[in-house]
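Trainee: Questions regarding the structure given below will be posed in turn.
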Amino acid sequence: MSTLTTRVEHDPDGRIRVIVGGSLDTITAPQFKTALDEVLKGPCKLLVLDLEDLGYISSAGIREVLRVVKSVRGKGGTAAMANLQPSIRKVFDIVKALPDINIFTSYDEMDAYLDHMQRQPPSQ
Amino acid sequence: MDLDPHAAGSGDGASLTVLELTPDIGELERVYAFIERFRAAHGLAPAAGQVLMLAAEELLVNTIGYGNLAAEAGCLRLGLGRDGSSVVMELRDNAPAFDPFATARPDLSLPVDSRPVGGLGVHLVREMTDRQEYQRDGDWNVTRVYKTMDEES
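Residue numbers (numbering that gives the first Met the number 0), protein chains in the order written: chain A, 0 to 123; chain B, 0 to 152.
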C-alpha cells in the first residue's frame, strides 16, 4: 500500500519544517503537492523537508520536491532537506538534484544552520 | 490471485511470474504488492524491492501516460523472474512501437531552478539497473531491465 504522511511544524520565526514519511511516488505525489501548496500560501523564510521517515521516492516525487524548492526560492526563501535515508539520497544523487539544495544529515546540523540563519541580518 | 502460474518465458529463457494490468495509474498499488511478494519469496533485500518498484513505476507511468493503450485485458503485462544472480523485469505492452531507452538523456548539468520538469524517470531506470533491453515483438513492446541481486541472508 502506497501511503504518504506529512506533518507541518511552523515556528514563530517563519521557519517551516515538513516531516515527510512513507512513499512519495506517482500515487502519492498529488497529496504531497496539495499539502505543500497549502504550506506555501503563506510567507516562508526557510522550509525544511525532513525525510527521515521517507522510505521510497520516484521521479514523480523528485519533481514535486523540486517544485517546492522553486516555489520557496520564488518567495525569496531557502529550501532544505534533512535526514535522507541512503536509498533516497541515491535517487537524488542520480538526478543530480542535490548540489542546489541544502542537505542536513542530522537535526543538530540543521539546528546549527538555523541558528546561524537567525543571526544573519535580513538580506535586502 | 494475480500471480500467473503459467509463467511466460522471456527472451533469455528465465521463467517469469506475470501480473496482467489495465492501463491505469492506480494499478501501481497492485504492482508494489506484486513486487513485494516476489522479493519476499526470493529472499531479496528490501533495497532490491525498492529498485524494482522504481523501475516498474517509471516504465509503467511512461507507457500508461503516453502509450494510448486501449483499456482491454492483457494489453499490459509485468513479469518478474530470476536470471542467474540477476532479477529480470519485463514489461510487455501493445502500444505503438516505442523504445524508452532511445530517448535523449535529460540535461542534468542545468541547475535545478532552470531544469525543465520531467525526463528523469527513464534516467533513473538506466542508472539504478544493470542492463536495459528493448525489442519489438510483433504487436508488442518488450522492455526488460536486469538488476544483479544479493541474497538477503
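Positions of the beta carbon are idealized from the N, C-alpha and C atoms, including for glycine.
If you draw a straight line from the C-alpha of Ile24(B) to the C-alpha of Leu48(A), how long is it?
Mentor: Numbered from its first residue, the second sequence carries residue 24(B) at position 25. Numbered from its first residue, the first sequence carries residue 48(A) at position 49. For Ile24(B) and Leu48(A), the distance between alpha carbons rounds to 26 Å.
Trainee: For the candidate residues Leu77(B), Leu75(B), Glu89(B), Gln134(B), whose alpha-carbon lies nearest to that of Phe97(B)?
Mentor: Counting from 1 along the second sequence, the entry for residue 97(B) is found at position 98. For the residues Leu77(B), Leu75(B), Glu89(B), Gln134(B), the minimum Cα distance to Phe97(B) belongs to Gln134(B).
Trainee: Going along the chain, which residues of its own chain have a beta-carbon closer than 7 Å to the beta-carbon of Asn67(B), five neighbours each way excluded?
Mentor: Residue numbering aside, residue 67(B) sits at position 68 when the second sequence is read from its first letter. Ala94.
Trainee: Identify every run of the beta strand (DSSP E) within the region 122-148 of chain B, keeping only runs that are complete inside it and at least 3 residues long; order them along the chain.
Mentor: List check, beta strand (DSSP E) in window: 130-136, 139-147.
Trainee: I believe Leu79(B) touches Ile34(B) by the beta-carbon criterion, under 8 Å. Please report the beta-carbon distance rounded to the nearest angstrom.
Mentor: Against the second sequence, residue 79(B) aligns to sequence position 80. Against the second sequence, residue 34(B) aligns to sequence position 35. Indeed, because the Cβ distance is near 7 Å, the residues count as touching under 8 Å.
Trainee: Within this structure, are the beta carbons of Ser84(B) and Met148(B) separated by less than 8 Å?
Mentor: If you number the second sequence from 1, residue 84(B) lands on position 85. If you number the second sequence from 1, residue 148(B) lands on position 149. Contact: yes.
Trainee: Three or more C-beta pairs closer than 8 Å, one from the region 16-23 of chain A and one from the region 53-62 of chain B: is that the case here?
Mentor: no
Trainee: Given this structure, state the Cα-to-Cα distance separating Arg76(B) from Asp92(B), to the nearest angstrom.
Mentor: Along the second sequence, one-based indexing puts residue 76(B) at 77. Along the second sequence, one-based indexing puts residue 92(B) at 93. Straight-line Cα distance between these residues: approximately 7 Å.
Trainee: Quick check: Tyr145(B) and Arg125(B), are their CB atoms within less than 8 Å of each other?
Mentor: If you number the second sequence from 1, residue 145(B) lands on position 146. If you number the second sequence from 1, residue 125(B) lands on position 126. No; because the gap between Cβ atoms is not below 8 Å, this pair is not in contact.
Trainee: How many angstroms separate the CA atom of Ala46(B) from the CA atom of Arg81(B)?
Mentor: The count along the second sequence starts at 1 and reaches residue 46(B) at position 47. The count along the second sequence starts at 1 and reaches residue 81(B) at position 82. Each residue's alpha carbon lies about 17 Å from the other.
Trainee: Taking 8 Å as the CB-CB cut-off, is Tyr31(B) touching chain A?
Mentor: The count along the second sequence starts at 1 and reaches residue 31(B) at position 32. Yes, contact with chain A.
Trainee: Could you list which residues in chain A have their beta carbon closer than 9 Å to that of Val60(B), in chain order?
Mentor: On the second sequence, position 61 is the one that residue 60(B) refers to. Residues of chain A passing the Cβ test: Thr25, Ser57, Ser58, Ala59.
Trainee: In whole angstroms, what separates the C-alpha of Ala50(B) from that of Lys95(A)?
Mentor: For the purposes of this step, residue 50(B) is taken as residue 51 along the second sequence, with counting starting at 1. For the purposes of this step, residue 95(A) is taken as residue 96 along the first sequence, with counting starting at 1. The residue you asked about is not Ala; residue 50(B) is Val in the sequence shown. Each residue's alpha carbon lies about 18 Å from the other.
Trainee: In its own chain, which residues sit with a C-beta less than 7 Å from the C-beta of Ser1(A), not counting the 5 before and 5 after it?
Mentor: If you number the first sequence from 1, residue 1(A) lands on position 2. Hits under 7 Å: Ser22, Asp24, Ile26, Thr27.
Trainee: Per the DSSP calculation, His9(A) is bridged to which residue(s)?
Mentor: Residue numbering aside, residue 9(A) sits at position 10 when the first sequence is read from its first letter. DSSP, once it has assigned bridges, lists Ile15(A) as partnering His9(A).
Trainee: Please return the same chain residues whose Cβ sits closer than 7 Å to the Cβ of Val64(A), not counting the five positions on each side in sequence.
Mentor: Position 65 of the first sequence, counted from the first residue, corresponds to residue 64(A). Hits under 7 Å: Leu48.
Trainee: If contacts are defined as beta-carbon pairs under 8 Å, then Ile61(A) and Val90(A) qualify, I think. What distance do you get, rounded to the angstrom?
Mentor: Reading the first sequence from its first residue, position 62 is the one you call residue 61(A). Reading the first sequence from its first residue, position 91 is the one you call residue 90(A). In this structure Ile61(A) touches Val90(A) by the C-beta definition: roughly 7 Å separates them, less than 8 Å.
Trainee: Using a 10 Å radius around the Cβ and a threshold of 16 neighbouring Cβ atoms, would you call Glu28(B) buried or exposed?
Mentor: By one-based count along the second sequence, residue 28(B) stands at place 29. Flag for Glu28(B) reads exposed.
Trainee: Which stretch, first to last residue, makes up the alpha helix (DSSP H) that contains Gly124(A)?
Mentor: With chain A covering only 0 through 123, there is no way to say anything about residue 124(A).
Trainee: Beta-carbon separation of Val60(B) and Gly137(B) under 8 Å?
Mentor: Along the second sequence, read from residue 1 onward, the residue named residue 60(B) stands at position 61. Along the second sequence, read from residue 1 onward, the residue named residue 137(B) stands at position 138. No, the pair does not count as a contact, with Cβ atoms beyond the cut-off.
Trainee: Count the other CB atoms within 10 Å of the CB of Ser57(A); is the residue buried (16 or more) or exposed (fewer)?
Mentor: Taking the first residue of the first sequence as 1, we reach residue 57(A) at position 58. Buried.
Trainee: Would you mind sorting Leu109(B) into buried or exposed? The rule is 16 or more other CB atoms within 10 Å of its CB.
Mentor: Here the question's residue 109(B) lines up with position 110 in the second sequence. Classification of Leu109(B): exposed, given that the 10 Å Cβ count is below 16.
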